[in-house]
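Read the structure below first, then the notes.
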Amino acid sequence: VCIAFFVFTACSEESLFPHAEIFHSVVWNEDESLKYELTRNEYLEGYCVLETKIDVATKKTELSQTCTDSLGVGYIDKRKTVVQNQKLKPIESNRQINNPEKSERRQFSAIYYYSVESAVTFKIAEFKGSEREPTKTLEVKRVLPTPTDAVPDPVWYDDDSIFWLLRGIKLTNGYQASFTNVNAATGRVFSAHLEVLRKEIIEVPLGKFKTWKIKLETTSIKQHLWVEVDRPHRIIRAELEDLVYKLVLSD
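FYI, in this note's numbering the residues of the sequence shown are 16 to 266.
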């Protein structure tokens, strides 16, 4: 299996702190496709294709990720997040994992509601083999951060939009920010913190790039991502726990 699976913990509550908007502007003006190779301990695990599809008519953008294994066993992890075109405001997120090796399928979703009290509903379903009826289901609603005097207009971002979120931030040396992250696979709403460490020139299969090295962390996880300094500010490399993403193709 090439993608780590996180245990669904929607029932564990944690304190929510409101955070202001950090996404500045979109840097993709048309549909695009980015392909990454995934390695673990220098061994090829698989590939991920990230696609951006803009719908001008509905003012929505579809952000998708399709990850497959390199061994041909049929493992596939498909994610699709729908956001507002300009602000990356999440509308809904869906994820499906098919793991033939373990004869199991998992489905996750997050549906966002915006009203006087904004909220997100998480749903999970687990299936065995080719069974149509799930062996386990769970649905949980979580209230999203509410306004305060310090943060009158709180904002949150879907976890599956992180690769796009970092591209739309005005990064500078030493820049730091916190934001509210919503993760459908874990059923959690939590704070994350990012910090620009320095500029680095790195080499990936697509070539050499001048990048910003970013540290992204929560209370339990620390990750590093390298964002292209020049537009369109693509994620060139990412180290997500022990899994390494390297950009190999850009269309």
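C-beta: ideal position from N, C-alpha, C; glycine also.
In this structure the stretch 74-81 lies against the stretch 169-185, because at least three pairs of beta carbons, one per stretch, are closer than 8 Å.
Note on Tyr58: under 16 other CB atoms within 10 angstroms of its CB, so exposed under the neighbour-count rule. By the Cβ test, the stretch 181-190 is not in contact with the stretch 45-52, since fewer than three Cβ pairs between them sit closer than 8 Å.
Taking the Cα of Thr96 as reference, the smallest distance to any Cα among Tyr90, Lys156, Ala199 is reached at Ala199. Using a 10 angstroms sphere on the CB of Tyr129, the tally of other CB atoms stays under 16, which defines it as exposed. If you check the CB distance, Leu31 and Val204 come in under 8 Å. Apart from sequence neighbours up to five positions away, no residue of its chain approaches Val131 with a beta-carbon distance below 7 Å. Looking from the CA of Val244, the closest CA among Ile229, Asp70, Trp171, Lys237 belongs to Ile229.
The closest CA to that of Ala72, considering only Leu159, Asn100, Asn56, Tyr90, is found on Asn100.
In the structure shown, Asp174 falls within a helical segment according to DSSP collapsed to helix, strand and coil. A direct Cα-Cα distance of roughly 16 Å separates Leu159 from Lys138.
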